[in-house]
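Asker: As given, the protein sequences belong to chains A and B, one line each in that order.
Be aware that the first sequence starts at 1, since it is given in our numbering, and climbs by one per residue.
Be aware that the second sequence starts at 192, since it is given in our numbering, and climbs by one per residue.
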Amino acid sequence: MKAVRRIEGRVAVLDRADVDTDQIMPKQFLKRIERTGYGEFLFFDWRKDPDFELNRPETKGARVLVTGRNFGCGSSREHAAWGLQDYGFEAVIAPSFGDIFFQNSLKIGLLPIRLPPGIVRELAGEEELTIDLEARRIRTADGHEIPFELDEFQRHCLLNGLDEIGLSLEHEAEIAEFERTHPAPVATTSI
Amino acid sequence: MGKTLFERIWASHVVREEPGEPALLYVDLHLIHEVTSPQAFDGLRLAGRGVRRPDLSVATMDHNVPTTDGPITDPLAREQLDALRRNCEEFGIPLYPTGSGREGIVHVIGPELGLTQPGMTIVCGDSHTSTHGAFGTLAFGIGTSEVEHVLATQCIAQRRPRTMRVEFVGTPPLGVTAKDVILGAIGRLGVGGGVGHVLEYAGEAVRGFSMANRMTICNMSIEAGARAGMIAPDDTTFAYLEGRPGAPKGADWEQALDRWRALASDDDAVFDAEVEIDVRELAPQVTWGTNPGMVVPVDSVVPDPSEFDEPDDRAAAERALTYMGLEPGTPIADIRVDRVFIGSCTNARIEDLRVAAAVVDGKRVSDGVRALVVPGSAAVKRQAEEEGLDRVFERAGFEWRRAGCSMCLGMNPDILAPGERCASTSNRNFEGRQGSGGRTHLVSPAMAAAAAIAGRFVDVRELEPAAVA
């Protein structure tokens, strides 16, 4: 994963609640076995509407998506997070997120930021934002600063672009010890 | 202070827990399917890593498979299924491919094979993994990066979620099913109401439910935003499991029962949140909008967006009604359907098919309605055919198909045409879920069957008593 430190760029606003991952990345694109190239399919059905928010010229090249509560609910498809990142988004700001989408985003270096609804609404009025992950602050064009929270461990992983599998494998001895003392209930190879 | 079912399972699976870090939790069973795994296997190869415990992993083909006879014609779907076959071969993971006799929707076959057992941790790259919680397991959906992590380490890094006890008060009236109970609960909690939580369902209704019903309940936990849903195991659970291929045998069975009986939450256990939902007056439920929380009783009307207090909810309701082609105030019973889908990991077990068959027996699918029954697994299909349910459905004008996820998400050729309206026993009525422009109404198997016969939504309780018993 590429390290995430500072995100600077244009804001796109999707003022809808409960946007599910089926909308973000419709099922017909889940048949691909690649991990890249999903950006062109992002919000595929909604983008057919010329008035759809992301079709507006001012959102072109946006780096930050500001949106409604429970963003990314529903299906576990990581393809939704891949699509947002491939399209050019580096951060998503919302009052809340679907749990699996939130985790998926962190794993690939797409920064999900939870903020109270009133602050999200204010940020939706900004054209550009700067996000400093080190300081956990969002800065507006006129210098206004908004702090945000992120799990310390996740922040550390993002700042350093760490491979979480590699980190877990450093504890291989503990995993092996657990396996020795806690035999799993059933082997799939034995039925 | 007492412990919850969740806390017991969590505590017994912690490999490592350090302050400031997520816990490393051991995974007893990793379920794999074709759609969310290819990139994870590629990741392993790229990093030169192996699969730590192929013997605690199992794969099947479900999302993409056609449900009609004959070969797969979609080249992308075929390539994805071939990739799964190659990956399972390379890493030594047991695979139940199409035609093996053990294939089916991953959340149907796990319990069916006795691989899902109380007290276990189960993950899968699929949000409906919450289904397995019906057995008193901690089971949740994960993304592809996490799939790769589990393949490599047999562990998952997790922050401890919060707990919520959902107590169903009373028992539902005759003709009101587990599907109606969970749809009603999601309507009450909202699609984000469970975010960050593991739900534990309790109460008299839950104790009375069969395992199939409990799986329907836990399956839809994710539709309330919850990480997982679970139900304490009891004699119903043990009776279901006994004799299944993966279940313990002989002395091991007796020991397992002792362990499983000790799992239930203590009376004085404390949950982070508690909700009571009275199901005594509940009516069969029908969704009217584009998420599962947009739901009303069959004997009511399509709501008016202006009735919603929150601006976000009003805007969502307006959008939903436009998409669904519905007017506020329309009686639910006046809504006509073009298609009926009985299937999915929510409602395609043998018990679901029996209920639906009882409703359609001796009747005909309404003119102009196309109705589909897709069993949840090859084993469910065999069982149904032994009982003659396939003939009941076919005589009534239903299509009887092979097992798979099918029209629940329409990755295979079973999809709605734009504008088509479907009564569906599946779990998501999101825009385009069953086909671009398709309109989905979520209902129970009995209600879907009744809608197929009437050509519109009807209160299944108005049919003759034999059909709803």
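Beta carbons are placed, not taken as given, at the ideal position from N, Cα and C, and that holds for glycine.
1) For D18(A), which residues from the same chain have a beta carbon less than 6 angstroms from its beta carbon, with the 5 sequence-adjacent residues on both sides left out?
2) Using a threshold of 8 angstroms, is the CB atom of F499(B) nearer than that to any non-hydrogen atom of the ligand FAD?
3) Between S401(B), G241(B) and V493(B), which lies nearest to T344(B) when the distance is taken from Cα to Cα?
4) Skipping 5 residues on each side, what residues in its chain have a beta carbon closer than 7 angstroms to that of A645(B)?
5) Need the endpoints of the alpha helix (DSSP H) that C346(B) sits in, please.
6) Near A508(B), which residues of its chain fall below 6 angstroms by C-beta distance, leaving aside the five closest residues on each side in sequence?
7) In chain order, which beta strand (DSSP E) runs of at least 3 residues are fully inside the stretch 266–351 of chain B?
8) Output yes if chain A places a C-beta closer than 9 angstroms to the C-beta of P245(B); else output no.
9) Any C-beta of chain B sitting closer than 9 angstroms to the C-beta of R180(A)?
10) With a threshold of 6 angstroms on Cβ separation, who are the neighbours of H319(B) within its own chain once the five nearest residues in sequence on each side are excluded?
11) Which bits of chain A does I333(B) rub up against, with CB to CB less than 8 angstroms?
12) Show which residues of chain B have a CB atom less than 7 angstroms away from the CB atom of F193(A).
13) Would L84(A) count as contacting chain B if we go by Cβ distances under 9 angstroms?
14) Residues in the stretch 366–392 of chain B with C-beta within 7 angstroms of chain A's C-beta atoms, listed in sequence order?
15) Compute the Euclidean distance between the alpha carbons of R612(B) and R630(B), then round it to the nearest angstrom.
16) Considering M421(B), what are the terminal residues of the beta strand (DSSP E) in which it resides?
17) Enumerated in chain order, which unbroken segments of the alpha helix (DSSP H) with a length of 4 residues or greater are wholly contained in the stretch 344–427 of chain B?
18) Output, in sequence order along the chain, the residues in the stretch 19–37 of chain A whose CB is closer than 9 angstroms to any CB in chain C.
19) According to DSSP, is R10(A) helix, strand or coil?
20) What is the DSSP secondary structure of P95(A), counted as helix, strand or coil?
21) Does N404(B) get closer than 9 angstroms to chain A when you measure Cβ to Cβ?
22) Name the DSSP bridge partner or partners of W591(B)?
23) For chain A, find out if any of its Cβ atoms is closer than 9 angstroms to the Cβ of A660(B); answer yes or no.
24) Can you check whether the CB of Y431(B) is closer than 9 angstroms to the CB of P566(B)?
25) Distance check for R276(B) and P229(B), CA to CA, integer angstroms please.
26) Take the Cβ of D581(B) as the centre, count every other Cβ of all protein chains shown within 10 Å, and call the residue buried at 16 or more, exposed below.
27) Which residue spans inside the stretch 575–627 of chain B form an unbroken alpha helix (DSSP H) run of at least 4?
28) Any idea which residues DSSP pairs S248(B) with across the strands?
29) Would you give the residue range spanned by the alpha helix (DSSP H) that A464(B) belongs to?
30) Note down, in chain order, each residue of its chain lying with its Cβ closer than 8 angstroms to the Cβ of D142(A), except the 5 sequence neighbours on either side.
31) Is DSSP giving V550(B) helix, strand or coil here?
32) Could you give the DSSP three-state label for E53(A): helix, strand or coil?
Answerer: Straight from the coordinates:
1) So the list reads N70 and C73, once near-sequence residues are dropped.
2) The ligand content of the structure shown is nil, which means the ligand FAD is not present either.
3) The option with the nearest alpha carbon to T344(B) is G241(B).
4) The beta carbon of A645(B) is closer than 7 angstroms to those of S557 in its chain, skipping five residues each way along the sequence.
5) That residue, C346(B), is in no alpha helix (DSSP H); its beta strand (DSSP E) goes C346 to Q349.
6) Counting only Cβ-Cβ distances below 6 angstroms, and skipping sequence neighbours, we find P496 and F499.
7) Whole beta strand (DSSP E) segments, 3+ residues: 312–315, 329–332 and 346–349.
8) Closer than 9 angstroms to some Cβ of chain A, the Cβ of P245(B) qualifies, so yes.
9) R180(A) does not count as touching chain B.
10) Correct list, in chain order: H298, N410 and C536.
11) Within chain A, the residues near I333(B) are S76, I100 and Q103.
12) Nothing about residue 193(A) can be read from this structure; chain A reaches only from 1 to 191.
13) Chain B contact via Cβ: absent.
14) Cβ contacts with chain A: V382, G383, V386 and G387.
15) The alpha-carbon of R612(B) is positioned some 5 angstroms away from that of R630(B).
16) Here the beta strand (DSSP E) through M421(B) covers A419 to M421.
17) Listed in chain order, the complete alpha helix (DSSP H) runs (minimum 4 residues) inside the stretch 344–427 of chain B are 369–380, 395–399 and 402–410.
18) Here chain C cannot be found, since the structure's protein chains are A and B.
19) The three-state reading of DSSP puts R10(A) in strand, counting E and B together.
20) Looking at P95(A) - three-state DSSP - the assignment turns out to be coil, as it is neither helix nor strand.
21) Residue contact with chain A for N404(B): absent (no Cβ-Cβ distance below 9 angstroms to any residue of chain A).
22) Under DSSP, the beta-bridge partners assigned to W591(B) are V564(B).
23) Legend: pLDDT at A660(B) = 45, less than 50; position of this residue unreliable, value from coordinates given subsequently. So, not an interface residue.
24) At least 9 angstroms separates the beta-carbon of P566(B) from that of Y431(B).
25) Separation of P229(B) and R276(B) (C-alpha to C-alpha, rounded to the nearest whole angstrom) is 10 angstroms.
26) D581(B) should be labelled buried.
27) Whole alpha helix (DSSP H) segments, 4+ residues: 580–587.
28) The partner list for S248(B) (beta bridge, DSSP) reads H221(B).
29) Counting along the chain, A464(B) falls outside any alpha helix (DSSP H), though it belongs to the beta strand (DSSP E) covering A464 to D469.
30) The beta carbon of D142(A) is closer than 8 angstroms to none in its chain, skipping five residues each way along the sequence.
31) Of the three classes helix, strand and coil, the one that applies to V550(B) here is helix, per DSSP.
32) For E53(A), the secondary structure class from DSSP, reduced to helix, strand or coil, is helix.
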